[in-house]
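Be aware that the sequence shown starts at 1, since it is given in the working numbering, and climbs by one per residue.
A short worksheet on the structure shown next.
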Amino acid sequence: MKGMILVAGLGTRLRPLSYELPKPVVPVLGRPLCTYNMEFLRQAGIKSFVMNLHTHPKLIQQRVTGWAGKGIRVDFTLEPVILGTGGGIWNAREFLKSGTFVTLNGDTVLSFPFASALAFHRKKKALATLILF
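Next up, the structure:
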């Protein structure tokens, strides 16, 4: 299973801070915000991620790659023109095409029984499962 963390947004609600520092890498308790979801998924056995990039791509790559040295592989896709959620997933389709994948926003922190949701998804043989909070 693979994970996709959506990090290409403009971070408009966090301006003026997000002019210089993209929201997904704003430090929260000493680490980039988006890494909390990476850790959440890593605990479920996901060790391969893709992130879509738009604003400050090199900075995001640097911050995430620096944190992800814990047996996690991170690939990146670049969006010169922001594509939105669906476009970001479509742009990463080659990475995601084999098997089940999970997509999360990079500007949230989650805590829920993911293993139960995944078991439900597999039991129902669902094409897609959407979890809302």
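Note that beta-carbon positions come from the ideal geometry of N, C-alpha and C, so glycine has one too.
Asked, Found
"If I measure Cβ to Cβ from Lys23 and keep anything under 6 Å in the same chain, skipping five residues before and after, which residues do I get?", "Gly11, Leu14, Asp107"
"What's the gap between the Cα of Lys47 and the Cα of Pro16?", "33 Å"
"Using only alpha-carbon positions, find the residue among Pro80, Ile5, Gln43 that is nearest to Pro32.", "Ile5"
"Taking DSSP's pairing of strands, which residues face Ile131 in a bridge?", "BP columns for Ile131 are empty, so no partner."
"On a Cα-Cα basis, can you pick out the residue from Met51, Glu20, Tyr36 that is closest to Val7?", "Met51"
"Does the Cβ of Pro154 have 16 or more other Cβ atoms within 10 Å, making it buried, or fewer, making it exposed?", "With the chain represented from 1 up to 133, any question about residue 154 goes unanswered, as that position is not in the structure."
"Look at the Cβ atom of Leu78, then the Cβ atom of His56, and state whether they are nearer than 9 Å.", "no"
"Check whether the region 34-45 and the region 96-112 are in contact - that is, three or more C-beta pairs closer than 8 Å.", "yes"
"Using the beta-carbon count (16 or more within 10 Å), is Phe49 buried or exposed?", "buried"
"Would you check if the distance between the CB atom of Lys2 and the CB atom of Leu96 is smaller than 9 Å?", "yes"
"Assign Thr108 to one of three DSSP states: helix, strand, or coil.", "coil"
"Looking at the structure shown, is Met51 part of a helix, part of a strand, or coil, going by DSSP?", "strand"
"Under three-state DSSP, which class holds Arg73?", "strand"
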